[in-house]
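Protein chains in written order, with my numbering: chain F, 523 to 1015; chain P, 523 to 1015. Glycine is no exception: its CB is placed at the ideal position from the N, C-alpha and C atoms. Since the structure is predicted, the reported quantities are computational estimates derived from the model, not experimental observations. Input: a single structure, listed below in structure tokens.
There are 2 protein chains.
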Amino acid sequence: MAKKGITRRGLLGGAAATAAFAALPRSTQAAGRSADVIVIGAGLAGLTAAREIAQAGRSVIVLEARNRVGGRVLNHALGSGGYTELGGMFTGPTQDHIQALATEVGIGTFPTYNTGNNVFVGGGGRREEFPNNTPFGTAPPDPVVAPDIALAVTLLDQMSQSVPVDTPWTSASAEQWDRQTLDTWLRSNTSGSDEFMAVTSAATEAIFGSEPRELSLLYTLFYIAASGNEQNPGTFERNFNTAGGAQESRFVGGAQMVPLQVAAQLGARVLLNQPVHRIDQSSTGPVTVYSGRHFRAFGQRVIVAIPPTLAGRIEYDPPLPPLRDQLMQHMPQGTLMKFEAIYDTPFWRAAGLTGQAVSETGPIKVTFDTSPADGSFGVLMGFIGGHEARVWENRQEGERQAAALQNLATYFGNQALSPREIVEFNWSTEVWNRGCPVAVLAPGTLIDFGAALREPVGRIHWAGTETSTYWNGYMDGAVRSGERAAAEVLALL
Amino acid sequence: MAKKGITRRGLLGGAAATAAFAALPRSTQAAGRSADVIVIGAGLAGLTAAREIAQAGRSVIVLEARNRVGGRVLNHALGSGGYTELGGMFTGPTQDHIQALATEVGIGTFPTYNTGNNVFVGGGGRREEFPNNTPFGTAPPDPVVAPDIALAVTLLDQMSQSVPVDTPWTSASAEQWDRQTLDTWLRSNTSGSDEFMAVTSAATEAIFGSEPRELSLLYTLFYIAASGNEQNPGTFERNFNTAGGAQESRFVGGAQMVPLQVAAQLGARVLLNQPVHRIDQSSTGPVTVYSGRHFRAFGQRVIVAIPPTLAGRIEYDPPLPPLRDQLMQHMPQGTLMKFEAIYDTPFWRAAGLTGQAVSETGPIKVTFDTSPADGSFGVLMGFIGGHEARVWENRQEGERQAAALQNLATYFGNQALSPREIVEFNWSTEVWNRGCPVAVLAPGTLIDFGAALREPVGRIHWAGTETSTYWNGYMDGAVRSGERAAAEVLALL
């Protein structure tokens, strides 16, 4: 049968051959599958979309490049037993969609460890402990930086309220806010002290994998506005806080249990090791999705549910419109590594510490206690993001690990220097991510290209957390985007 | 023989099969070619590199995705006779490398038409004519905007002198300059009036295909510093001026004559219709370059001479290091359309006009007289760039052309409303460009990723105007980059 296909292609030429090939009955394809909808990417967005479509009684196939599901959500089995989480792992208030999905597939949550004092390390190595119940939660009450933090967070929250999460580029001040970086705004509206700016880097490195100089102010305000839901406007505090914020809870068994469970429900609809390199909607026949050397999937509609920078690497026929292509050129992923030190016990708890730190000096500037729920062993997780990641990812492992452990020792004591295991994970080296946690938008992107974010192109629809209105960049946004894309497609089938 | 290859692949698996296949003698490949160096891209950079390598007595193959050479340099045959130029077309003082290459392949230059008055159209539609011999050349002496222009150009020139063109990120002020947009700096250091900011948009739309809000100040200063050569420091005036600047001259027969002549010299070394999708340097055998379904090229070294955003769409084995991959994610192409109106005569010359205009209102804000050298017919060429291009590329052709012609009529009189032919070209719709004229760097890119710009990755070397120290973004930079990459490779063969 493959030979027949080759013969037919040989008889025709160019686009005609492609069309004829695509129009062949599926049964004549050597390695082809067909469904109402083809979903590309088995992260939370793609899996959610597929689940919605299957539940609506339509056929669906999910093509995943990797040999696993979950995308930016990943459990990791430890050599010393147990697991850690290398990607998205926290959830909190107003993240109703990821939580509803988790509940539906039987995955519960437990509170992030948050008892005792947080640690702040400022300039000159001054170290402070403080209860994490200040008005700004995890933000340190250190007198050198606290006034600026209060000022900046209050102003940013206020400004974000005028940014519509579905069309941030229509905000009355969109032009003013999309022509400057967050760095510029912070220096103009606070003391701009070196210490305060170092704290803002610590925050954006962990939240965006980027520096304040890379972030459009408008995009930052959108991201804050998106840290909520239809009933509760977003706030920056909900974004960065533990108690009452996006880091409040964790998923039992690790966040990857959610996509794993959804994938289990989808069963044979999910095909692993299928890296899509081409999408052809040039004929009136089904859309053809090409994976590997030989595999073809045929669908009425396609949902692309992968990071925009990777969606831009797929070949499209006909080519995507220029605004869409250039949008994807303008959506680089942040740079984020996770450093996890595993200890026999969460020793910092006995010292009255939450395991949460904010520091002006890296490589690790933000940490969490990500020990298992039962505390049977201890895990300190630190983010190495933005500039720190770009510098440290190129250094020797030993040098980097020594510097990271020294950070942890400064924050939590010298016991931190002797972990029983170290796990490092750099999302920028992952071919099917090329960065984390989210696409980072520079000035001028939303205002000129934002309209293309969710706009379908023919029979291609776009999902992924970067397309979400609420909790953009988070697991909740991924789930929301999958639901929205599925609804779009179902309305058209 | 193809069957044999398939059989061998069938016996082995995965990487082993790939390595074995790559290591096969070239003669056993159904469609394979080998050479010392494989060059990807037959623009000026790739062709120059190949020419240098061939002249050094080494074998070289150039793989070009299109059915033509020249990249961003393109002649266009007019329906009414003659030709126009749709891409890079001007040259001027200190652009020694493109001019030397042109001379060597027998292509001369002639002066851009520059006799008479330029036109400036400011706010409220006020129209002025002025001789283009002001201290700032093509910059309008209009009293509303001239003081800000003088101030900004003077300051930017001064600042640019401390930016080393090979390592702009090592400038003493690099951090301060790479954390803000050009827009921010302009508003802080001039009156920031609406009129002046509109003029700066006109400039950056034509020069970068972008808005001042998208440009890192450091990148802008680098671009100015790069508008010169080893003996003559760059200046902004040399960048944007006609007399004494980058628009001073044109190439006889159109700029594409240069790559066409170089390609003719290279002969069968240049293979068209070979879109490369994979580069494999995972084995100790030759580097394997994959094009189309079946073609393979084998070389000791590879030079990638295509725009960075397209280089990022190639699959690499082993994968590129994260800093290199993320650099390419951070190098979107500008957005630039050329609008050319063809007239029986260059009627504006009789009215004492150069055909050059700067306007605060688009879609066309900058124009040139690009008539043939003999003036046998008239061509007004207008840039539609940046925000204007992103808006207007999505409107109906008729609406866009009417607006563009109205611009030309405002600048040069109502005769402009009746061209005998219109040519529009949008570089963003070109699959093998996806934008023009150059990659545009946002704040934070040079300082964190700049080190990866020219750093070879194993046996892969990088060319293209975006990698050039001088005349980055110009034809001269492309030629320079090809010479530099060829020298790198030749030293290692």
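Along the region 914-941 of chain F, where does the CB come closer than 9 Å to a CB of chain P? Name the residues.
Glu-915, Asn-916
Pick out whichever of P:Val-953, P:Glu-988, P:Ala-819 has its Cα sitting closest to the Cα of Ile-836 of chain F.
P:Val-953
Taking the CB atoms as reference points, tell me whether Tyr-996 of chain F and Ala-768 of chain F lie closer together than 8 Å.
yes
Would you verify that the beta carbon of Ser-804 of chain F is, or is not, closer than 8 Å to some beta carbon of chain P?
no
Nearest CA to the CA of Ala-587 of chain F: which residue from F:Arg-800, F:Thr-703, F:Thr-932, F:Arg-735?
F:Arg-800
Leu-845 of chain P beta carbon less than 8 Å from that of Ala-961 of chain P
no
8 Å is my cut-off, CB to CB: does Lys-526 of chain P come that close to chain F?
Here Lys-526 of chain P scores only 32 on pLDDT, less than 50, and its place in the model is too uncertain to base an answer on.
Look up Ala-599 of chain P in the DSSP assignment and say whether it is helix, strand or coil.
strand
Using beta-carbon positions only, say whether His-983 of chain P and Arg-791 of chain P come within less than 8 Å of one another.
no
Distance between Ala-872 of chain P and Thr-722 of chain P (C-alpha atoms, nearest Å):
30 Å
According to the neighbour-count rule (16 or more other Cβ atoms, all chains shown, within 10 Å of its Cβ), is Ile-583 of chain F buried or exposed?
buried
In three-state terms, what does DSSP make of Asn-929 of chain P?
helix
Between the region 893-911 of chain P and the region 598-613 of chain P, can you find at least three pairs of beta-carbon atoms closer than 8 Å?
yes
Near Leu-1014 of chain F, what residues of its chain come up, given a Cβ to Cβ distance below 6 Å and the 5 sequence neighbours on each side ignored?
none
Burial state of Thr-625 of chain P (16 or more Cβ within 10 Å)
exposed
Is there a Cβ from chain P that is less than 8 Å from the Cβ of Leu-782 of chain F?
no
Expressed to the nearest angstrom, what Euclidean distance is found between the alpha-carbon atoms of Asp-679 of chain F and Pro-978 of chain P?
45 Å
Just checking: is the beta-carbon of Phe-543 of chain F within a distance shorter than 8 Å of some beta-carbon in chain P?
With a pLDDT of 33 at Phe-543 of chain F, under the threshold of 50, the modelled position of this residue cannot be trusted, and the question is left open.
Contact with chain P by Arg-912 of chain F, beta-carbon distance below 8 Å:
yes
When the distance is taken between beta carbons, is Gln-621 of chain P closer than 8 Å to Thr-613 of chain P?
yes
My understanding is that Leu-704 of chain P touches Met-719 of chain P, with C-beta atoms under 8 Å, so please give their C-beta distance in whole angstroms.
Contact doesn't hold; Cβ gap of about 11 Å is too wide.
Indicate whether Val-675 of chain F and Phe-744 of chain F have their beta-carbon atoms separated by less than 8 Å.
no
Since I believe Ala-925 of chain F is in contact with Pro-885 of chain F (beta carbons under 8 Å), could you give me their beta-carbon distance rounded to a whole number of angstroms?
5 Å
What ranges does the alpha helix (DSSP H) occupy inside the region 716-760 of chain P, keeping only unbroken runs of at least 4 residues that lie completely in it?
716-730, 739-747
Going along the region 687-706 of chain F in order, which residues come within less than 8 Å of chain P, judged by CB to CB distance?
Asp-700, Arg-701, Gln-702, Thr-703, Asp-705, Thr-706
Burial state of Ala-1000 of chain P (16 or more Cβ within 10 Å):
buried
Answer yes or no: does any C-beta atom of chain P fall closer than 8 Å to that of Gln-848 of chain F?
yes
Beta-carbon proximity of Glu-915 of chain P to Ser-940 of chain P, cut-off 8 Å:
no
Between Ser-1003 of chain F and chain P, is any beta-carbon pair separated by less than 8 Å?
no
For the pair the region 783-798 of chain P and the region 555-567 of chain P, tell me if three or more CB-CB distances fall below 8 Å.
yes
Using C-beta distances below 6 Å, list every residue in its chain close to Leu-477 of chain P, excluding the 5 sequence neighbours before and after it, in chain order.
Nothing in the structure corresponds to residue 477 of chain P, since chain P is present only between 523 and 1015.
In the region 942-959 of chain P, which residues sit with their C-beta less than 7 Å from some C-beta in chain F, listed in chain order?
Asn-948, Ser-950, Thr-951, Val-953, Arg-956, Gly-957
For Ile-825 of chain F, which of helix, strand or coil comes out of DSSP?
strand
Beta-carbon neighbours of Thr-810 of chain P, restricted to chain F and to distances below 9 Å:
Chain F residues near Thr-810 of chain P: none, gap ~15 Å exceeds 9 Å.
Smallest Cα separation from Pro-854 of chain F: which of F:Gly-874, F:Trp-870, F:Pro-829?
F:Pro-829
For Glu-717 of chain P, would you say it is in contact with chain F, using Cβ-to-Cβ distances shorter than 8 Å as the test?
no
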